[in-house]
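First the structure, in the form of structure tokens, and then the observations on it.
Number of protein chains: 2
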Amino acid sequence: MAPLAGIKVLDLTSVVVGPTCTLLMAQQGAEVIKLEPPEGDLLRKLGGKSRTPGMSPKFLHFNRGKRSITVDLKTEAGKAVARRIAAGVDVFVSNIRGAALRRLGLGWEDLSPLNPRLVHCAITGFGSGGRYADLPAYDTIIQGASGMASAMARTFEEPRYMPFVAADHMTGFLAAQAICAALVGRAASGLGQAIEVPMFENMASFVLTEHMYQRTYGPEGEMGDPRIMDPSGRPVRTADGWICVSPNTDAQAFAFFEAIGRPELKDDPRFNSVAARLGNVAAYFGVRAEGLRGRKTAEWLEILRARQIPAMQVNAMEELFDDPHLVDVGLIETQMHHSEGEVLALRPATRFSAGAPVMCDAPRQGEDGAAILGEFGFSADEIESLMTGAVRPAEKLQ
Amino acid sequence: MAPLAGIKVLDLTSVVVGPTCTLLMAQQGAEVIKLEPPEGDLLRKLGGKSRTPGMSPKFLHFNRGKRSITVDLKTEAGKAVARRIAAGVDVFVSNIRGAALRRLGLGWEDLSPLNPRLVHCAITGFGSGGRYADLPAYDTIIQGASGMASAMARTFEEPRYMPFVAADHMTGFLAAQAICAALVGRAASGLGQAIEVPMFENMASFVLTEHMYQRTYGPEGEMGDPRIMDPSGRPVRTADGWICVSPNTDAQAFAFFEAIGRPELKDDPRFNSVAARLGNVAAYFGVRAEGLRGRKTAEWLEILRARQIPAMQVNAMEELFDDPHLVDVGLIETQMHHSEGEVLALRPATRFSAGAPVMCDAPRQGEDGAAILGEFGFSADEIESLMTGAVRPAEKLQ
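So the sequence lines, in the order shown, correspond to chains U and D. Counting from 23, one number per residue, gives the positions in the first sequence under the working numbering. Counting from 23, one number per residue, gives the positions in the second sequence under the working numbering.
Structure (structure tokens):
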């Protein structure tokens, strides 16, 4: 049985940070109810051109395994629907800012009395208790505020974003982790709790664990791990492409010197220990780059792997579809989506011996509304009445 | 009570990917036993110059809240110690490759009979069942293989690593999430299970959810989200620095056009909807860059925030220490480390209403060995005998 089988999640998140969190939970068997506003999750349109309206490719990837109900939370009836569903689930998660959530009557203080076992997770841009609390945020805002863009400036001269909404992904992973930790705690205590997962504080921690470095010891210490920041810390050219090679331990480094025909470097005081190579990181990376120019990538991979030296070709994104290992493990699969037809989809990357769930397709907006209301005890009359107002019927295929 | 209070973890991980996983668990109250080889976790030396040997600043950040025992797993007595501890914990986690783990007698098949409730998590470079299984990996190898380095090439011309061991961090977050999900499942089933968290498959999924894009529909579709890949998608210069601004919804975009004195753009067919701005993303980013040049960052922040437009200054990494929000919330704290003296440390970024644990300092190598053996039922005689061979006493302060 999938690890989160039986766990019900009311998901008021949108775009990437929250949907990443609930995607992981859906992949592990949780029943995720995606509550969307009448205009739908912004990612339905923002995530690229789609075959049918509101079903962008990014939306498909981030929302597999979830069902959708459209609720107008601007109406009292809509708020009541959300609260009634929240009373019957295990987890409530949103990336709505705190003040707005409380105005909707969906804060922890509102929902906990209805459901003391509820784990209530607020993903926010900035944590409460600080002066940015309640400022709006997207991934880019957090990359800028947290020092991620500034770390890029060390290598690329000007502040740049990473070519991923990485702050969103990482905070989503962390939110799913925190929710599951709280569910573990609930199994012991019988009680839910409120969790606050602020993007800014989490991403500042990501930057600082990595790069606080000598600043750990005081204001005069230099920040930035030189092994990572050094401009020569990069994939290396071979005779026909690019290769990644990272000999970090003494055993790996010495085997690498042998492999490139420079065994004398084992005794070079610049390179003969972890500390020495760290102190001469640019020179060490230079030896690496120079040593690898002469052969093709495939030849090097054979030579280096025979010596247990970590090495890999640089895959272009397009090459992932044909990467032999990914083909072996079937990471990318063809899915027949019920409204979009044949699409490529991803199976969960992490595997659990006790099993994985069968995941439903990413939903069309609102298509599970009536069914979900029924499951949470709304009567046929209530459902009929709601569906003409606060709860919207499924968007029609156009 | 902290959510993972009472959960015991035997942690055979090193460097960053695994220690990130168990750091999260320690921050949430788990009791983490770090089992190190006689040479110690590589990060003790690789993580920067330290005040005392083997206590690099990166090691301090990634290993707070853990205790250390040094065990020589090359000896039979050492393997027996690891198995006996594993029999008494809730979670076993390692980033040792599968074949080596089985040779140590520490695979799932070995430990599950001793402890059917054990959650056994193997963090690997490459998943079993694929042809790269058991190849060695570091963060850089995975950034190269997964398309992360290639995504950087779209913007920076050549494949580059991100200036973080981001694959390590993300896989560590995912491993902690998976472990907690399995603990949730165990609360229902009474049984542990084996989890495999491969870095490559997880990071390929990270890249592909983000950038599979039109390739979702077939081989002729173009990869890469242009909103993220476009070279003009970057922090923007103001009169005195850099600013991040992301008006994504119609309301935000229209308010932004007002703010920069170009209200006519609301009716411009290139910019009057989410889809239109997505189709003209370079032009839209150009308007943004041009519009912001005339005022200082602080002025813009006031103007933009008053209109609810997401905006933030670009913080240099060094500025995080004085960022007023981070100061308000106390993310960075001064800690008196028992052997390293006064250092800066990070409190957990995510907050749980039911409480947080008091975390111990990052350990000196092996300093908790005898105490840990005692807690797992080794007799005084056994401990004395082990400490002269398979289990090493604490490294002495030098």
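All C-beta atoms, glycine included, are put in the ideal place defined by N, C-alpha and C. This structure is a prediction, so every number in the text was calculated from the model and none was measured.
Could you confirm whether any beta carbon from chain D is found closer than 8 Å to the beta carbon of residue i?
i: U/Thr177; result: yes
i: U/Ser268; result: yes
i: U/Lys318; result: no
i: U/Ile282; result: no
i: U/Val365; result: yes
i: U/Ser254; result: no
i: U/Arg139; result: no
i: U/Phe293; result: no
i: U/Gly169; result: yes
i: U/Asp290; result: no
i: U/Asp247; result: yes
i: U/Ser211; result: yes
i: U/Leu95; result: no
i: U/Ala376; result: yes
i: U/Gly151; result: yes
i: U/Ala108; result: no
Using DSSP with H/G/I as helix, E/B as strand and the rest coil, what is residue i?
i: D/Ile217; result: strand
i: D/Thr74; result: coil
i: U/Leu366; result: strand
i: U/Met381; result: coil
i: D/Met334; result: strand
i: D/Arg315; result: coil
i: U/Phe222; result: helix
i: U/Val37; result: coil
i: U/Ser227; result: helix
i: U/Ile145; result: strand
i: U/Ile91; result: strand
i: U/Leu45; result: helix
i: U/Leu32; result: strand
i: U/Arg86; result: coil
i: D/Val303; result: helix
i: D/Arg249; result: helix
i: U/Arg386; result: coil
i: U/Arg119; result: coil
Which two residues bound the contiguous alpha helix (DSSP H) that contains residue i?
i: D/Lys67; result: Leu65 to Leu68
i: D/Asp403; result: Ala402 to Leu408
i: D/Val349; result: Pro346 to Val351
i: U/Ala109; result: That residue, U/Ala109, is in no alpha helix (DSSP H); it is neither H nor E in DSSP.
i: D/Pro132; result: In the sequence under discussion, the amino acid at residue 132 of chain D is Asp, which differs from the Pro named in the question. Residues Trp130 to Leu133.
i: D/Val187; result: Run containing D/Val187: none; DSSP gives neither H nor E here.
i: D/Leu22; result: No answer is possible for residue 22 of chain D: the residues shown for chain D start at 23 and end at 420.
i: U/Thr238; result: Where U/Thr238 is concerned, there is no enclosing alpha helix (DSSP H), given that its DSSP letter is neither H nor E.
Counting along the chain, where does the beta strand (DSSP E) carrying residue i start and finish?
i: U/Val267; result: Trp264 to Val267
i: U/Met358; result: Ile354 to His359
i: D/Ser375; result: It is not in any beta strand (DSSP E) - D/Ser375 carries neither H nor E in the DSSP assignment.
i: U/Lys56; result: Glu53 to Glu58
i: D/Ser116; result: Val113 to Ser116
Assuming residue i and residue j form a contact by the criterion Cβ under 8 Å, report the distance between their Cβ atoms to the nearest whole angstrom.
i: D/Asp33; j: D/Val115; result: 6 Å
i: U/Thr238; j: D/Leu366; result: 5 Å
i: D/Ala109; j: D/Ala412; result: Going by Cβ atoms, the distance from D/Ala109 to D/Ala412 rounds to 17 Å, so no, they are not a contact pair.
Would a check of beta-carbon distances place residue i closer than 8 Å to chain U?
i: D/Ala250; result: Contrary to the premise, residue 250 of chain D reads as Ile rather than Ala in this sequence. With 8 Å as the cut-off, D/Ile250 counts as an interface residue toward chain U.
i: D/Thr271; result: yes
i: D/Val206; result: yes
i: D/Ile29; result: yes
i: D/Ala371; result: yes
i: D/Met381; result: no
i: D/Met23; result: yes
i: D/Arg386; result: no
i: D/Leu26; result: yes
i: D/Leu368; result: yes
i: D/Pro60; result: no
Is residue i a contact residue of the ligand ZN, with contact defined as CB to any heavy atom under 7 Å?
i: D/Asp252; result: Of ligands this structure carries none, so the ligand ZN is not represented either.
**OP:** Taking a Cβ distance cut-off of 9 Å, strictly less, list which residues of the stretch 329-353 of chain U are near chain D, in chain order.
**Re:** Taking 9 Å as the upper bound on Cβ-Cβ separation, chain D lies near residues Gln330, Ile331, Pro332, Ala333, Met334, Gln335, Val336, Asn337, Ala338, Met339, Glu340, Glu341, Leu342, Phe343, Asp345, Pro346, His347, Leu348, Val349, Asp350, Val351, Gly352 and Leu353 of the stretch 329-353 of chain U.
Original post:
Any residues in the stretch 63-88 of chain D with a beta carbon nearer than 8 Å to a beta carbon of chain U? Which ones, in chain order?
Top reply: Leu64, Lys67, Leu68, Gly69, Gly70, Lys71, Arg73, Pro79, Lys80, Leu82, His83 and Phe84
Subject >> Contact residues within the stretch 213-238 of chain U, judged by C-beta distance below 8 Å to chain D >> reply: Leu213, Gln215, Ala216, Ile217, Glu218, Val219, Pro220, Phe222, Glu223, Asn224, Ala226, Ser227, Phe228, Val229, Leu230, Thr231, Glu232, His233, Met234, Tyr235, Gln236, Arg237 and Thr238
**OP:** Taking a Cβ distance cut-off of 7 Å, strictly less, list which residues of the stretch 172-201 of chain U are near chain D, in chain order.
**Re:** Ser172, Ala173, Met174, Arg176, Thr177, Phe178, Pro181, Arg182, Tyr183, Met184, Pro185, Phe186, Val187, Ala188, His191, Met192, Phe195, Leu196, Ala198, Gln199 and Ala200
Subject >> Members of the stretch 295-325 of chain U that neighbour chain D once the beta carbon cut-off is set at 7 Å >> reply: For chain D, the residues of the stretch 295-325 of chain U that bring a beta carbon within less than 7 Å of one of its beta carbons are Val296, Ala297 and Leu300, in chain order.
Original post:
Quick one, which residues of the stretch 153-165 of chain U are near chain D if we go by CB-CB under 9 Å, in chain order?
Top reply: Arg153, Tyr154, Ala155, Leu157, Pro158, Ala159, Tyr160, Asp161, Thr162, Ile163, Ile164 and Gln165
Original post:
What residues from the stretch 119-131 of chain D come within 8 Å of chain U, judged by C-beta to C-beta, listed N to C?
Top reply: Result list: Trp130.
**OP:** Select from the stretch 40-52 of chain U all residues with a C-beta closer than 7 Å to any C-beta belonging to chain D, and list them in chain order.
**Re:** Leu46 and Gln50
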